[in-house]
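Written below as structure tokens is the structure these notes are about.
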């Protein structure tokens, strides 16, 4: 079969930086019959190619499927008097959300079966899933059209029946309960589908009685809502690509007017949480890689520094507990968790000496020294661990089952490539123990390098089929990502975007 070729048609884009010739601009018109004909020809060519390799496709598909345990249960999460989990069943498309009075009985009560809710719909996406503080009600929403318009419902968890409350046209931007579960806050979209308007719903009343709490008519800003880790405050967040602002409502005073923490300022972002007798604020104010501030409860806009700025150490998240503050950060292209005591003492948790990913798990308990984390690497399947910061003890709560896999057959390591401007670019590689790194093995290089997205090493059962055939997999971290701090991102965007590509080429040349 002859490979299709797109026709070239003269076209020039007139830009402030100069004219650009684009002979394929005509393909932008998706309704053009010529565009449709070309895409159909490409699809037919691909189908013909894959048909010739159907045997290999079936083999690889069988390999991947054999490494996945479809019937499984997530690690139970302690939350108040309950343990919450989700389980999957072979042959079913969606998880089933459950709870029980102990970790061993966490699947006892079914809260929400997504398979049952999806029945009769060609599309189903779960949006909100938020249990009230008293554990009596569940706020859940679903989009059944694919248009990201979610219908929000409230389920009585004792009877398992949804209440009469039906809230149409909510968004994916979060929900928040009042302390007593009598009010639910949610976000509505504008005509451009931008979350912009926070509403307060009193349980048991019709939607037309809901009250507007906040709105942001600036089209650059997206509005979200959630609760603090302590459960004592509701936070409204409005953010753009470059700035943000937060407003606070006490969860036990849901009808109060939201109080602004600090007004938005160009190029300044901040995120607020509650830590007992104070607020903690993650911000890039005078700190390109972010720092942590603290403020009195009665004066949340008066900040003093708690954790200072360190160039190249990008703080990406904070999780307050009763007596400790956990920070998630990236340093030297490696995620890590830092613990801050109320005394100000700090330490980094030792998780894994090899390149790996570590993230905060679902932490619902407040007065505890045990932090739940998720960990994985290029050679280690995702696992859930509980780490007691007071003793250093680590408990593996859940390991992702990988049947028919010998994990000892794979090796990973960190390497550094030198770019054409002498910048050192990190790259993580993984390969089968029998593969020789002498330049003869094929290599698959994955690189992203955009939007300040950091790419941690992750485990993939599908990737093993490549490694078993002698392919080396390389995860490059070019500029434009966030792995080495915000400057790493800035050095790979706009007029510096070229660095993303030259960094990737440098990784290629280094591996060859």
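Numbering (the working numbering), first residue to last: 1 to 512.
A virtual CB, placed ideally from N, CA and C, is assigned to each residue, including glycine.
Inset, instruction - Give the DSSP-derived three-state secondary structure of residue 490 in the structure shown. - result: Reading the chain shown from its first residue, position 490 is the one you call residue 490. If DSSP states are grouped into helix, strand and coil, residue 490 belongs with the helices.
Legend entry - DSSP bridge partner residues for residue 65 (one or two, in chain order): The count along the chain shown starts at 1 and reaches residue 65 at position 65. DSSP, once it has assigned bridges, lists no residue as partnering residue 65.
Legend entry - Proximity below 8 Å, CB of residue 318 to CB of residue 282: Translated into the one-based positions of the chain shown, residue 318 becomes position 318. Translated into the one-based positions of the chain shown, residue 282 becomes position 282. Yes, Cβ-Cβ distance for residue 318 and residue 282 is below 8 Å.
Legend entry - Contacts around residue 449, its chain only, beta-carbon distance under 6 Å, and the 5 residues preceding and following it disregarded: Stepping through the chain shown from its first residue, residue 449 is reached at position 449. Apart from the 5 residues on each side of it in sequence, residue 449 sits with its Cβ closer than 6 Å to the Cβ of 478, 480, 481, 492 and 500 in its chain, given in chain order.
Inset, instruction - Per DSSP, which residues does residue 319 bridge with? Please list them. - result: Position 319 of the chain shown, counted from the start, is the residue given in the question as residue 319. According to DSSP, residue 319 shares a beta bridge with 326.
Inset, instruction - Taking all protein chains shown into account, decide if residue 308 is buried (16 or more other Cβ within 10 angstroms of its Cβ) or exposed. - result: On the chain shown, position 308 is the one that residue 308 refers to. Answer is exposed; the Cβ neighbour count stays below 16.
Legend entry - Paired residues, beta bridge with residue 273 - DSSP: The count along the chain shown starts at 1 and reaches residue 273 at position 273. For residue 273, which the question treats as bridged, DSSP gives the partners 280.
Inset, instruction - Entirely within the segment 285-371 and at least 3 residues each: give me those beta strand (DSSP E) ranges in chain order. - result: Listed in chain order, they are 291-296, 304-307, 313-320, 324-331, 334-341, 346-348 and 356-360.
Inset, instruction - Return helix, strand or coil for residue 12, following the three-state DSSP convention. - result: The residue given as residue 12 occupies position 12 in the chain shown. The answer is strand: DSSP assigns residue 12 an E or B state.
Inset, instruction - Might you give, ordered along the chain, the residues of its own chain that have their beta carbon closer than 7 Å to the beta carbon of residue 467, omitting 5 neighbours on each side? - result: The sequence position of residue 467 within the chain shown is 467, counting from 1. Contacts found: 410, 430, 431, 432 and 473.
Inset, instruction - Would you please state the rounded distance, in angstroms, between the beta carbons of residue 510 and residue 415? I believe it to be under 8 Å. - result: On the chain shown, position 510 is the one that residue 510 refers to. On the chain shown, position 415 is the one that residue 415 refers to. Going by Cβ atoms, the distance from residue 510 to residue 415 rounds to 7 Å, so yes, they are a contact pair.
Inset, instruction - Apply the 10 Å Cβ neighbour rule to residue 330 and answer buried if 16 or more other Cβ atoms are within range, or exposed otherwise. - result: Your numbering for residue 330 matches position 330 in the chain shown. Counting C-beta atoms within 10 angstroms of its own C-beta, residue 330 has 16 or more neighbours from the protein chains shown and is therefore classed as buried.
Inset, instruction - Pick out the complete beta strand (DSSP E) segments inside the segment 206-265, 3 residues or longer, and give them in chain order. - result: List check, beta strand (DSSP E) in window: 211-215, 222-227, 233-239 and 244-250.
Inset, instruction - In the DSSP assignment, find the beta strand (DSSP E) that holds residue 141 and state where it starts and stops. - result: As a first step, residue 141 is located in the chain shown; it is residue number 141 there, counting from the start. It spans 137-143 - the beta strand (DSSP E) in which residue 141 sits, taken as one unbroken run.
Legend entry - Residues of its chain near residue 462, where Cβ-Cβ distance is below 6 Å and the 5 sequence neighbours each way are ignored: By one-based count along the chain shown, residue 462 stands at place 462. Exclusion of the five residues before and after residue 462 leaves 64 as the residues of its chain whose Cβ lies within less than 6 Å of its Cβ.
Legend entry - Option in 118, 82, 273 and 332 with minimal Cα separation from residue 426: What you label residue 426 is simply residue 426 of the chain shown in a count that begins at 1. Cα-wise, what sits closest to residue 426 is 332.
Inset, instruction - Using only alpha-carbon positions, find the residue among 241, 204 and 228 that is nearest to residue 221. - result: Working through the chain shown from its first residue, we reach residue 221 at position 221. Residue 221 has its Cα closest to that of 241, out of 241, 204 and 228.
Legend entry - Exposure of residue 346, with buried meaning 16 or more beta-carbon neighbours within 10 Å: Locating residue 346 in the chain shown gives position 346, where the first residue counts as 1. By the Cβ-count criterion, residue 346 is exposed, with fewer than 16 other Cβ atoms from all chains shown falling within 10 Å of its own Cβ.
Inset, instruction - Determine the contact status of residue 95 and residue 86, defining contact as a CB-CB distance below 8 Å. - result: Here residue 95 refers to the residue found at position 95 when the chain shown is read from its first residue. Here residue 86 refers to the residue found at position 86 when the chain shown is read from its first residue. Taking 8 Å as the Cβ cut-off, residue 95 and residue 86 qualify as a contacting pair.
Inset, instruction - Return the first residue and the last residue of the beta strand (DSSP E) that residue 129 is part of. - result: Locating residue 129 in the chain shown gives position 129, counting from the first residue. 125-131 is the extent of the beta strand (DSSP E) around residue 129.
Legend entry - Meets three-Cβ-pair contact criterion under 8 Å: the segment 160-170 and the segment 188-205: Taking one beta carbon from each stretch, the segment 160-170 and the segment 188-205 have 3 or more pairs nearer than 8 Å; the two touch.
Inset, instruction - Would you identify the three-state DSSP class for residue 83, choosing helix, strand or coil? - result: The count along the chain shown starts at 1 and reaches residue 83 at position 83. Residue state, collapsed to three classes: strand.
Inset, instruction - Tell me whether residue 10 is buried or exposed, calling it buried when 16 or more other Cβ atoms sit within 10 Å of its Cβ. - result: Counting from 1 along the chain shown, the entry for residue 10 is found at position 10. Under the 10 Å beta carbon count, residue 10 is surrounded by fewer than 16 other beta carbons and is classified as exposed.
Legend entry - Cβ-Cβ distance between residue 141 and residue 152 below 8 Å: On the chain shown, residue 141 is found 141 positions in, with the first residue counted as 1. On the chain shown, residue 152 is found 152 positions in, with the first residue counted as 1. Yes, these two residues count as a Cβ contact at 8 Å.
Inset, instruction - Tell whether a beta-carbon distance below 8 Å holds between residue 107 and residue 73. - result: For the purposes of this step, residue 107 is identified with residue 107 of the chain shown, where counting begins at 1. For the purposes of this step, residue 73 is identified with residue 73 of the chain shown, where counting begins at 1. Cβ distance < 8 Å, so residue 107 and residue 73 count as in contact.
Legend entry - Straight-line gap, residue 484 to residue 313 (C-alpha atoms, nearest Å): Sequence index remark: in the chain shown, residue 484 carries index 484 (1-based). Sequence index remark: in the chain shown, residue 313 carries index 313 (1-based). Near 7 Å, if we compare the C-alpha coordinates of residue 313 and residue 484.
Inset, instruction - State the Cα-Cα distance for the pair residue 176 and residue 32, rounded to the nearest angstrom. - result: Residue mapping note: residue 176 aligns to position 176 of the chain shown, counting from 1. Residue mapping note: residue 32 aligns to position 32 of the chain shown, counting from 1. Rounded to whole angstroms, the gap between the alpha carbons of residue 176 and residue 32 is 46 Å.
Inset, instruction - Kindly indicate which three-state DSSP category residue 112 falls into: helix, strand or coil? - result: Stepping through the chain shown from its first residue, residue 112 is reached at position 112. Three-state result, residue 112: strand.
Inset, instruction - Assign residue 444 to buried or exposed, taking buried as 16 or more other Cβ atoms, counted over all protein chains shown, within 10 Å of its Cβ. - result: Taking the first residue of the chain shown as position 1, residue 444 is located at position 444. Exposed, by the Cβ-count rule.
Inset, instruction - Can you say whether residue 150 is buried or exposed, counting buried as having 16 or more other CB atoms within 10 angstroms of its CB? - result: Working through the chain shown from its first residue, we reach residue 150 at position 150. Buried, because 16 or more other Cβ atoms sit within 10 Å of the Cβ of residue 150.
Legend entry - Cut-off 7 Å between Cβ atoms - residues of its own chain near residue 304, not counting five sequence neighbours on either side: On the chain shown, position 304 is the one that residue 304 refers to. Only 293 and 294 meet the Cβ criterion.
Legend entry - DSSP three-state assignment for residue 420, whether helix, strand or coil: Within the chain shown, residue 420 is the residue found at index 420, counting from 1. The answer is coil: DSSP assigns residue 420 none of H, G, I, E or B.
Legend entry - Proximal residues to residue 515 (C-beta, below 6 Å), its chain only, five neighbours per side dropped: Limits of the chain in this structure are 1 at one end and 512 at the other, which puts residue 515 out of reach.
Legend entry - Alpha-carbon spacing of residue 181 relative to residue 130, whole angstroms: For this step, residue 181 is matched to residue 181 along the chain shown. For this step, residue 130 is matched to residue 130 along the chain shown. Residue 181 and residue 130: Cα-Cα distance of roughly 11 Å.
Legend entry - Coarse secondary structure for residue 168, derived from DSSP in three states: As a working note, residue 168 is residue 168 in the chain shown. Strand at residue 168.
Inset, instruction - Tell me whether residue 159 sits in a helix, a strand or coil according to DSSP, three-state version. - result: Counting from 1 along the chain shown, the entry for residue 159 is found at position 159. Coil.
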